[in-house]
Amino acid sequence: MRIDIVTIFPEFFSVLDISLLGKARQAGIIEVTAHDLRAFAHDRHRTVDDTPYGGGAGMVMKPEPWGEAIDSIVGPAHSDALLVVPSPAGEPFTQAVARELAAESHLVFACGRYEGIDQRVTDHYEGRMRVRLISLGDYVLNGGEVAVMAMIEAAGRLVPGVVGNPESLVEESHEDGLLEYPSYTKPSAWRGLEVPPVLLSGNHGAVAEWRREQQIERTRRVRPELLAD
Ligand code: ADE
Numbered sequence: 001m002r003i004d005i006v007t008i009f010p011e012f013f014s015v016l017d018i019s020l021l022g023k024a025r026q027a028g029i030i031e032v033t034a035h036d037l038r039a040f041a042h043d044r045h046r047t048v049d050d051t052p053y054g055g056g057a058g059m060v061m062k063p064e065p066w067g068e069a070i071d072s073i074v075g076p077a078h079s080d081a082l083l084v085v086p087s088p089a090g091e092p093f094t095q096a097v098a099r100e101l102a103a104e105s106h107l108v109f110a111c112g113r114y115e116g117i118d119q120r121v122t123d124h125y126e127g128r129m130r131v132r133l134i135s136l137g138d139y140v141l142n143g144g145e146v147a148v149m150a151m152i153e154a155a156g157r158l159v160p161g162v163v164g165n166p167e168s169l170v171e172e173s174h175e176d177g178l179l180e181y182p183s184y185t186k187p188s189a190w191r192g193l194e195v196p197p198v199l200l201s202g203n204h205g206a207v208a209e210w211r212r213e214q215q216i217e218r219t220r221r222v223r224p225e226l227l228a229d
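Written as structure tokens, this is what we have:
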């Protein structure tokens, strides 16, 4: 999978060198490049933003650097890549969306700052490639970088070969629409707290049943709307 990120903070993504995704990059499973948007701004101050037409607070990112930056990645014509624009105005990011991103061969992330990117950028690229606005949640971040980091981590670990034991992906929160059951390891007693005896019983059927009950109980308590779905 190829991932390109356009941002005014390319150094932000250096953390992708470490941990599981770092290994996946070294193994050539995921190829990530962070591009500096300012390299595509040509005035002396490398300006990427300006005041909004119609007035209002804040600054809007200018379309020209974005057009040059994205063209430099996808070429001048139609592209099979998916352009992802993190935005609090986008569709919610879920495990299902992470799975869809993981199935793509080329993702281009456009990290906006300030009050967002001039609307014509997505309008233009919608004519040339698939474009998705995706929100991490109902809150406002200073920019798209943290959201893109979360999306790359969630989607990247679903790319075959990234997580060593694929079975560990199956029994996680949200994979079956429920929250995960609680997990325990040794010792069996710690600070007066015992591991639930069923987990020590060796009875696989009883363990599976207990875990399922815990999932439903947790989901009912914390996220009842997931059960309604
Ligand atoms: N940029 C700013 N806030 C955001 C959010 N909640 N999700 C995605 N991108 C964002």
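Heads up, the sequence shown is in UniProt numbering, so the first residue is 1 and it goes up one at a time.
Virtual Cβ for every residue (Gly too), placed ideally from N, Cα, C.
Item to check | Span separating the alpha-carbon of VAL207 from that of ALA150 | outcome: 32 Å
Item to check | Runs of alpha helix (DSSP H) wholly within the segment 34 to 103 (minimum 4 residues, chain order) | outcome: 63 to 74 and 95 to 102
Next on the checklist: Rounded to the nearest angstrom, what separates LYS45 and SER173 at their Cα positions?
Outcome noted: The sequence as given places His at residue 45; Lys does not occur at that position. Between HIS45 and SER173, the C-alpha separation is close to 46 Å.
Checklist entry - Would SER87 pass as a contact of LEU133 if the rule is Cβ separation under 8 Å? => result yes
Item to check | In DSSP terms, what THR7 is bridged to | outcome: ASP36
Checklist entry - With residue 236 and SER188 assumed to form a contact (beta carbons below 8 Å), what rounded beta-carbon distance in angstroms separates them? => result In the structure as shown, the chain begins at 1 and stops at 229. Residue 236 is therefore absent and cannot be evaluated.
Item to check | Proximity winner among HIS42, ARG2 and GLN215, relative to ALA103 (alpha-carbon distances) | outcome: ARG2
Item to check | Three-state class that DSSP yields for ARG221 in the structure shown | outcome: helix
Checklist entry - What whole-angstrom Cβ distance do HIS106 and ALA81 have, given they're in contact under 8 Å? => result 4 Å
Checklist entry - Under the three-state reduction of DSSP, which class applies to GLY143: helix, strand or coil? => result strand
Next on the checklist: Please determine whether the Cβ atom of PRO92 lies at a distance below 7 Å from any heavy atom of ligand 1.
Outcome noted: no
Next on the checklist: Can you check whether the C-beta of ARG120 is within less than 8 Å of a C-beta belonging to chain C?
Outcome noted: In the displayed structure, chain C is absent; only one protein chain is listed.
Item to check | Beta bridge counterpart(s) of VAL108 as assigned by DSSP | outcome: ASP4 and LEU83
Checklist entry - In the DSSP assignment, what residue or residues form a beta bridge with TRP190? => result LEU193
Item to check | Bridge partners - SER135, DSSP secondary structure assignment | outcome: PRO92
Item to check | C-alpha distance - residue 232 paired with VAL222, whole-angstrom precision | outcome: Residue 232 lies beyond the stretch modelled for the chain, which goes from 1 to 229, so this question has no answer here.
Next on the checklist: At a cut-off of 7 Å, would you count GLY137 as near ligand 1, judging by its Cβ distance to the nearest heavy atom?
Outcome noted: yes
Checklist entry - Any idea which residues DSSP pairs ARG211 with across the strands? => result Paired residue(s): none; ARG211 is not in a bridge.
Checklist entry - In this structure, does DSSP put GLU31 in helix, strand or coil? => result strand
Checklist entry - Counting pairs of beta carbons, one from the segment 107 to 115 and one from the segment 55 to 66, are three or more of them closer than 8 Å? => result yes
Next on the checklist: Nearer than 7 Å: is that true of the beta carbon of LEU141 relative to any heavy atom of ligand 1?
Outcome noted: yes
Item to check | Counted within 10 angstroms of its Cβ, other Cβ atoms place ASP17 as buried (16 or more) or exposed | outcome: exposed
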